[in-house]
Every structure is written in C-alpha cells, then in structure tokens.
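What follows is a single structure, written as structure tokens, with notes after it.
Chains as they are written, first to last, in our numbering: chain A, 1 to 357; chain B, 1001 to 1357.
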C-alpha cells in the first residue's frame, strides 16, 4: 500500500509516515541535534513509543495509536468476529493507557473500534484491511483539519504580529502542519508578518528542541526564550498574542495543555493580550464538565533533575513533575477549531462544533 | 590574619572565605555535583569570577568585590595618596563593570572608596591595611544583617507555611545565611513548620543547583519544580507565600530580581498569595526613582541553548536571555530588611530605612 502522504506540501515536517505496513516515527527525544527515524510493526512497541515520548502532542498520539491498533489487529489470530473484537478491545486498552491526559488518543481508538463495531457481518480479514485504511484516514484527516483550523485562526490575527507559543503544537505534534503552529503557518501563507517567540518549555524542552527546529526549517522568524521570560516580554509590550494547542478541552472550555500554559494565560490576562487555543474538535471532551475532572499525568522526576546524563539537582531531592495544567475558560480568548472559532459561551459553541463532527 | 568566619554557625554554607590574604570561593557553576573551591589574590581574576558567575547573588557579589578591591589596592605601587586613589578608582571601576544590575556591587565598592577618601592623612601602607579590614567587615556585616532581616521576615509567616522561592537568595548568594532563605532559616529556627518549593530557575538553574543543595544540607524540606509549574501549584492551593531576594530596589519599591520573579509576582497576585522581597538596605538604590531606570543585564545565549556540552536548541536560532526583570511595587506585599519591614508607602519607608544606614 502506498504512502498516505499524497498531500501537497503544506509546510512543516510530517513526523508520522506509513508505507507498506511499516510505521516510521521521527524520534522526537533526539531532536534537534539528530534526525533519527524509528520503524514499528508491533502494537506493544507503538505503545512504548507513545509512553516514552518518541512521539508526543495530542493529535500525533492519536494518529500513532490508530496505526498501533491496526498492528494489534493484524496480529490477532482469531477467526470469528466475537473473538476478534474481544482481542481488539484489549489492544486498544493497552494503547489508551499510555498517556492519560490527551483525549485524542481515546478519540482515535474509538474511531478504530467504531469501524469494527459497524461491520459485524465482515470476515476478520476484511476488518483488518478496513482498520489499515481507517488509520491512514485518521492521519490524512488530521492534516486537512489542521490546515482548516489554521486558516480559521489566521483570520483572527493582525497583519503584523508577534506571537508567543508554549510547548510544541506544531507539525511534530500532529499528523503534520500543526495546530497552534498551523495557525502561524496559515498566517504566514496569507502574507502576514509573523514573528514567533517560543517558550523552551521545561522539562522536556519541546519549545527549544521541537518548535524552534520546525519553524527554523520553514524560515519562520523565531526567538527562543526560557519559560520564565514571557512575563518580562509581555511587560515590555513585545508580545501581541498567545497561541497554544490543547491536550483536552472540557465541555465548558477549560483547557488542559502542557504544564506552564496556565501561567502564560494568567500573564496574558494581566497584560490584556489575547490568549488563543488551537485544537481539532477531537480534542473536545463533552463527557467532562470542567477542567477539574481532567486527569493530570505526572512523569518521571528525572525529566527535571537531569538533561541527558547531566545532573542538574542534588541527589535525592524531592521533585514534583506534572506534565499538564488546566487553564480555565475565563482566561481563554478563543478556541480555534476546524469547524469555527468559539469566542464566548463555550459550552454551547463547543457542543455545536462536536455535533457537526 | 585569621579567618573572618568567627560566627556561630547560623545554618547555611559560607560561600566566601578569606584567610591570610587568600580569598576562596566555592565554584557555584559546578554545584550540586562537585564542591570545588577556587583561590584568588588578584583583582582582575576576582572580576572574572563575578562576570562568569563563579560567585553570584547580589550581596555575595558585593562582598567578593570588596575583597577584589583590596587585592587591587595591595598591588598598587604608588607611594602618594593622590596616585594611590587614582589607581584605586580604576580598580573599583573594573570591578563595578562586571555585572550591571546588582546595586550591592556598587554599594560595597563605595564603602571601600569611602574608607580611602576619609583617610587622606594616612600613608598608603595603612590604607591597604584598612581596606583589608573593611572587606572583612563587609563580609561579616552581611551575615549579621541577614540574620536580622531573617528574624524580621519570619515574624510575618504563619506557624505552618509552604513557601515558593525563585532563584537562590540563600547562603550561597550572600556572605552566609541568605536573604529569602535567611527568612526561611529564621522561621525554622523559631520552630515554624516550613516547606519550601524551589523554582529551578532557568537558564542558570540557581534553584535546582544551589537552593535545593543548600536547603537539603540544612535538612529543610524542599520540593523542586520547573519554573512553569508554580502557577499550577498556586491554582491547587499548594503555596501559602512567596519569598524572593532582590538585585536592586528602586526608591518607589520596584524590585529588580532574577528573570522570572515578575511572573511569580503576577501569579501570586492572581491567587491572593503574599509576595515578599527580602534584601539588605544595601540593595535599595534611592538614586533611581522607579524600576524602569534599572539596567537589565543580558547574558550569553549559550546559557539557554546548552547545558554543559549538551545542545538543547537548533544551531543559529535567535535567543533572548535577559538575566533579570522588574516587579512593580504594587505586586510586592512587603520588603523585608534588617531595619524593618516596609508594607506600604515604600517611597517613605525605604528612604527612612536607608537613613538609619
């Protein structure tokens, strides 16, 4: 089967490639100094790639998990539908358990499961073929969706704009093009003069390692700062807007995103700077009323105490390492999706976007 | 001449030691993994130690510069007072130019120069002896002052308190004991139950490398976080107070301190958490009306793009690396000094403290 990447080059790398039964992921832990692609054909190894952050970013995790589900399905030896779906559910459960905060993971796996559930009359061999197509469709849809939401978001921006972004909600965090960086790419494509200020985003350094890397490749003007410098820049009038991605958006518009996002939102409010969230509707979780219900992943303290082999803190020091935080809807100026931009009354607007599905 | 460290052990390391004409500094760039002491007898080398951050922290820089001025004086071959003071002024100018933001540096050098200016009738040999004593007095005074301001600050704290601190305003940032951490040490000594949350403080990592290290040595409960996690902890009700040091305080109470301090102050205001600044009156610069006049040092971008030899960002990426920011007085709940605590009307109170000298 041919590479699903038949898209026109929209700007931005494609971090997830699938060709002839092999999934290839760029190892995001090794960027920006090394560009290494890893190959996968086994769902347990795909699960480990998500867990260990070879691939990260809510939409990218969803796309990767979909391929993982297909590999899991392919290896199932059951011949009856009932046996197959029972084993397939177990595969999906393993993949769903890799990262708790990003809802896109569950969304993609639900889409894969729905295909199986909708085809009770099909032989297992056909289900496997269908699942391969479905994973590829999720991948391609993601890029189309990002280009659409990018255009929707770009319309909000003035012709000259200095945008702060936190973490990496770029091509590397998605099937391609990006969400927050998709808005930036669309603004550049529309002829706007855009300068990006990228928070380095401790502890995993998605900003310095990934955002700076992919924007530099696209020749988009970028200045790297440490996370704690954003407030100073805002106080100096050097930031016009903030755009970030999201890992999960509750029904009321509360946004879970990379740790530090909440701080940026508080700073933006203090300085009357618009704070935009760009995410596909697959990030919206209507099952969750508000942000307090979103599970916040805590990760290995070594992410904080070490960089590579280098030790940054004394032995045996206590560390708290939450990977996400929740920004309340009241601090969010707009939520940019492929179905439109919600700017107030999030509960009603987000539900309407999801219904358009 | 004997070691000037005749103090009772007040807790906290003494990072600046002087004995028999030799200045010894703990190399703060190599903590927490290596405890290396460097020796100095030459003022140009002392200047370079300040510039390269072997020693850092406003009061510690002042103490170190005083010893540097003495070494510079000792090497002057002039025999007349007029020749001596001309050369001594040049020595002080070199030392004053090492770091632009911390006013304590100028304060300590002014104190050294005042001694020379007040003794026009003395032979050069006596001036040199006097300068050695003066440097040692500045060193010892600093510890006494910190213990005093520590007690003043501890009185503001409840019996159980979780304190966020940013950067290192500890023993390592002073002659000993610390300013912000001096308040914490005094609170612990007074029997209060104190837990410290230490921001790691990018890019130089004074929080993870220095604050965590010195509090761990004193068995003070400490949890290390990345700078961008403070907002999340505040939103969860896990911080009761913030205490930081200062590099310069303007006449109106605006505070220059390590980059990121302003962000913490904005967050503290958003969450109704008291934000305290602890600093000796030598940090107050009445010559400067407000924070906008304080020079903000920008440092080598390699501090952001690398940790040791490890590269964190793509080659040739633009970087902004301001080392300090300014927190406006309106965000400061109190300024804790050795002469008392200013809590409102900073212009009047700070001027009164300085007059007490």
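Virtual Cβ for every residue (Gly too), placed ideally from N, Cα, C. Since the model is a prediction, treat every value here as computed from it, not as a measurement.
request  = Using a Cβ-Cβ cut-off of 8 Å, state whether residue 1293 of chain B counts as contacting chain A.
outcome  = no
List, in chain order, every chain B residue whose beta-carbon is nearer than 8 Å to that of residue 266 of chain A.
1231, 1266, 1267 and 1270
query = How should residue 116 of chain A be labelled, buried or exposed, when 16 other C-beta atoms within 10 angstroms of its C-beta is the threshold for buried?
reply = buried
Note to self: Any beta carbon of chain B sitting closer than 8 Å to that of residue 17 of chain A?
What the structure shows: no
Could you check what DSSP says for residue 1324 of chain B in three-state terms: helix, strand or coil? strand
Looking at C-alpha atoms only, which residue of A:147, A:353, A:354 and A:318 is the closest neighbour of residue 1212 of chain B?
A:318
Buried or exposed: where does residue 1051 of chain B fall if 16 or more other Cβ atoms within 10 Å of its Cβ makes it buried?
exposed
Cβ of residue 168 of chain A less than 8 Å from any chain B Cβ?
no
> Run through DSSP, which three-state label would residue 1336 of chain B get?
Replying inline: strand
By the three-class DSSP mapping on this structure, what secondary structure does residue 1088 of chain B have?
helix
Give the DSSP-derived three-state secondary structure of residue 1156 of chain B in the structure shown. coil
DSSP three-state assignment for residue 1142 of chain B, whether helix, strand or coil: helix
For residue 1208 of chain B, would you say it is in contact with chain A, using Cβ-to-Cβ distances shorter than 8 Å as the test?
yes
Taking C-alpha atoms, which residue in B:1280, B:1257, B:1239 and B:1297 lies nearest to residue 1272 of chain B?
-> B:1239
| said: Please list the terminal residues of the continuous beta strand (DSSP E) segment that includes residue 199 of chain A. | reply: 193-199
Starting from residue 205 of chain A, trace the beta strand (DSSP E) in both directions and tell me its first and last residue.
From DSSP, residue 205 of chain A is part of no beta strand (DSSP E); its letter is neither H nor E.
message = Let me check one thing: in DSSP terms, what residues is residue 1178 of chain B bridge-paired to?
response = B:1170
Q) Where residue 286 of chain A and residue 158 of chain A are concerned, what is the direct C-alpha to C-alpha distance, given to the nearest angstrom? A) 32 Å
Worksheet entry | Close beta carbons around residue 305 of chain A, own chain, < 8 Å, minus the five adjacent residues each side | 311, 312, 313, 317 and 319
task = On the DSSP bridge assignment, give the partners of residue 1107 of chain B in chain order.
result = Answer by DSSP bridge pairing: none, since residue 1107 of chain B is not bridged.
Next item on the list: Compute the Euclidean distance between the alpha carbons of residue 1220 of chain B and residue 163 of chain A, then round it to the nearest angstrom.
Entry: 41 Å
Practice prompt. Could you check if residue 1216 of chain B is buried or exposed, using at least 16 other CB atoms within 10 Å of its CB as the buried criterion?
Written response: buried
Worksheet item: Mind pulling the chain B residues with CB within less than 7 Å of residue 320 of chain A?
Response: 1223, 1225 and 1229
Since residue 231 of chain A and residue 1266 of chain B should fall inside the 8 Å C-beta cutoff, what is the C-beta to C-beta distance between them, to a whole number of angstroms? 6 Å
Q. Listed in chain order, which residues of the region 31-47 of chain A have Cβ atoms closer than 8 Å to some Cβ of chain B?
A. 32 and 33
So what's residue 54 of chain A in DSSP terms, helix, strand or just coil? coil
*asked:* One question on the structure: do residue 131 of chain A and residue 109 of chain A come within less than 8 Å of each other, judged by their Cβ atoms?
replied: no
- prompt: Is residue 184 of chain A near residue 243 of chain A, with beta carbons less than 8 Å apart?
  reply: yes
Open item on the list: Going by DSSP in three states, residue 19 of chain A sits in which element: helix, strand or coil?
Closed with: strand
query: Nearest-angstrom Cα distance between residue 1045 of chain B and residue 1188 of chain B?
result: 37 Å
- Does the beta carbon of residue 1180 of chain B sit closer than 8 Å to a beta carbon anywhere in chain A? no
Exercise for review: Have a look at B:1026, B:1104 and B:1152 and flag the residue whose alpha-carbon is nearest the alpha-carbon of residue 1343 of chain B.
Suggested key: B:1152
Check residue 285 of chain A in the structure and name its three-state DSSP category. strand
Under 8 Å from the C-beta of residue 172 of chain A: neighbouring residues of chain B: In chain order: nothing, as chain B lies at least about 13 Å away.
- Three-state secondary structure (DSSP) of residue 1048 of chain B: helix
Decide if the region 53-73 of chain A is in contact with the region 288-296 of chain A; the criterion is three or more beta carbon pairs, one per stretch, under 8 Å apart. no
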